[in-house]
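Residue numbers (our numbering): 1 to 507.
Yeah, the Cβ is synthetic: ideal placement off N, Cα and C, and Gly gets one too.
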């Protein structure tokens, strides 16, 4: 069912990219109806344009709040071209046919993000524009609607190829894009008024990116979001679903550290991490914790990567490297592997979301992001022996690490270096045994090491095993009704223990 455009209603807030559309519409001898600034813009190109007021017979009123809300405008958009009753009514009331609607919406989200006043934000809630979009999209069988400048290119192509005509499939495509715009706009307004009360969940994400596949090759996968706002990819293959999960885990981890740090992650868990004076030294220490798991992993650092670090890092295969910057000589080395993904982290803040979402059963779980970090002044010594200054540094380092490790989790640290971790175990004892076994496999001496647990110890078995392995200090949330059992064991064996009061489960 083909339709020919004869009249276009155009009312846009942003004029960027509009000129080419207007030139083509004028070339096709399509009549213009517009408002205010858009009419002035059309006239500036030398084209005639009727005003909405000319059509409706009413001026813009209430400070511009009411311009297009009139039966002669909406009748021209909504009337069904093949409905005889509709055709009689529009003829009776002298309602012009409007076949193309080009509008955009007041910048509500931008005004909120810029910290606008309540009144400024309210005035950016578009009424006429959103109504025009919905009306034209509803009547897609007869009308084309363009609701954002992102659709200018497809519209221009359509005009040039079909000379002002369109198929039902063309119009349905533009209607779908329009409802995408309107639904996202309404979600943003609702979320502003809801003010994190959680009375309903409205999430609107654009910029879909189809991935090669999901977690496994037989699963489809997509990413919704603006990856380029957070990263600049300067080298390598297309990023995969699993890469994105590891990249997210890596950024979340490294953002908790201020001093020069480097981490190696595999399947969302750190298999190596260290804080050192240089990136090269941090790499060497991180890699030594588990050079086997590091193969094919994700590397992240919070400092510039220089030539010395790049030479060392380049010696093993890894999928992704992330850093805030790289020396040119370092990039020359890292570019040697054509598929290696090299990312510049532009903004940690934009990479982190305040809320986390997870689909379960027939619904969605929502929680605050775990941004809680324990500092020196917040930990409480609960044993007779207090940790040394060096042990406190290691305990705080280990506690940050265990927060980002799959539960049940145990992390063993010495001299700000991850020695080993036990991850994702159904028993905390098993997690500890796994960590101790791994430390032994890579010839680490656990004497003087510290242990962090993501949750409390219901029994003293973990501190007993830790003590036998040479561990001298422990950090854990506390809160078990049997805390005293673990504390007493530490006192009897000259171990120190601190509690944080904060659990760090991660599932």
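Original post:
Does the beta-carbon of residue 231 have 16 or more other beta-carbons within 10 angstroms, so that it is buried, or is it exposed?
Top reply: buried
**OP:** Compute the distance between the beta-carbons of residue 474 and residue 451, then report whether it is under 8 Å.
**Re:** yes
**OP:** Could you have a look at residue 422 and say whether DSSP puts it in helix, strand or coil?
**Re:** strand
**OP:** Would you mind listing the beta strand (DSSP E) stretches within the segment 255 to 288 that are 3+ residues and don't spill past its ends, in chain order?
**Re:** Listed in chain order, they are 261 to 266, 269 to 275.
Subject >> Extent of the continuous alpha helix (DSSP H) run through residue 172 >> reply: 168 to 194
Original post:
What residue ranges within the segment 200 to 240 form continuous beta strand (DSSP E) runs of no fewer than 3 residues, ordered along the chain?
Top reply: Secondary structure within the segment 200 to 240: the beta strand (DSSP E) runs of 3 or more consecutive residues, fully enclosed, are 208 to 210, 222 to 224, 231 to 235 (chain order).
**OP:** Measure from the alpha carbon of residue 72 to the alpha carbon of each residue in 85, 328, 62, 92, then state which is nearest.
**Re:** Out of 85, 328, 62, 92, 92 has the C-alpha closest to the C-alpha of residue 72.
**OP:** Determine the DSSP secondary structure at residue 374, reduced to helix, strand or coil.
**Re:** In the structure shown, the three-state DSSP call for residue 374 is coil.
Original post:
How is the beta strand (DSSP E) around residue 499 delimited, first residue to last?
Top reply: 496 to 499
**OP:** Report yes if the CB atom of residue 51 is closer than 8 Å to the CB atom of residue 12, and no otherwise.
**Re:** Taking 8 Å as the cut-off, the Cβ atoms of residue 51 and residue 12 do not count as close.
**OP:** For residue 514, count neighbouring C-beta atoms within 10 Å of its own C-beta (all shown protein chains included) and say buried if the count is 16 or more, exposed if not.
**Re:** Summary: the structure shown does not reach residue 514, with the chain confined to residues 1 through 507, and so no result is reported for it.
**OP:** Kindly list the residues whose CB is nearer than 7 Å to the CB of residue 219, restricted to its own chain and excluding five residues on each side of it in sequence; keep chain order.
**Re:** 213
Original post:
Looking only at C-alpha atoms, which of 488, 258, 504, 305 sits nearest to residue 325?
Top reply: Between residue 325 and the set 488, 258, 504, 305, the nearest pair of CA atoms involves 305.
**OP:** Output the residue ranges of the alpha helix (DSSP H) runs that lie fully inside the segment 385 to 419 and measure 4 residues or longer, sorted by chain position.
**Re:** 389 to 403
Original post:
If you run the structure through DSSP and keep just helix, strand and coil, what is residue 363?
Top reply: strand
Subject >> Identity of the residue in 207, 189, 488, 5 nearest residue 383 by Cα >> reply: 488
**OP:** Check residue 8 in the structure and name its three-state DSSP category.
**Re:** strand
Subject >> Buried or exposed (CB count within 10 angstroms, at least 16 for buried), residue 257 >> reply: buried
Original post:
How is residue 90 classed by DSSP in three states: helix, strand or coil?
Top reply: helix
**OP:** Pick helix, strand or coil for residue 489, following the three-state DSSP scheme.
**Re:** helix
Original post:
So, are the CB atoms of residue 176 and residue 2 less than 8 Å apart?
Top reply: Cβ atoms of residue 176 and residue 2: not closer than 8 Å.
Original post:
Can residue 438 and residue 290 be called in contact, C-beta distance under 8 Å?
Top reply: yes
Original post:
Looking at C-alpha atoms only, which residue of 409, 407, 436 is the closest neighbour of residue 419?
Top reply: 436
**OP:** For the alpha helix (DSSP H) containing residue 119, list its first residue and its last residue.
**Re:** 118 to 123
Original post:
Any idea what DSSP makes of residue 427, helix, strand or coil?
Top reply: coil
Subject >> residue 301, DSSP secondary structure in three states >> reply: Looking at residue 301 - three-state DSSP - the assignment turns out to be strand.
Original post:
Does the separation of the CB atoms of residue 151 and residue 179 fall below 8 Å?
Top reply: No, they are not a contact pair.
**OP:** Give me whichever residues DSSP pairs with residue 34 in a beta bridge.
**Re:** 10, 51
Original post:
Do residue 408 and residue 426 have their C-beta atoms within less than 8 Å of each other?
Top reply: Between residue 408 and residue 426, the CB-CB gap stays under 8 Å.
Original post:
When the Cα of residue 433 is compared with those of 455, 416, 469, which residue comes out closest?
Top reply: 469
Original post:
On the three-state DSSP scale, how would you describe residue 503?
Top reply: In this structure, residue 503 counts as coil in the three-state DSSP scheme.
Subject >> Span of the beta strand (DSSP E) around residue 28 >> reply: Looking at the DSSP string, residue 28 is not in any beta strand (DSSP E), and its letter there is neither H nor E.
**OP:** Grab the span of the alpha helix (DSSP H) containing residue 351 for me, first residue to last.
**Re:** In this chain, the alpha helix (DSSP H) harbouring residue 351 covers 348 to 351.
Original post:
Among 122, 7, 74, 252, which one has its Cα closest to the Cα of residue 31?
Top reply: Here the closest residue by C-alpha is 7.
**OP:** Determine the contact status of residue 300 and residue 330, defining contact as a CB-CB distance below 8 Å.
**Re:** no
Subject >> residue 202 to residue 194 span [Cα, whole Å] >> reply: 10 Å
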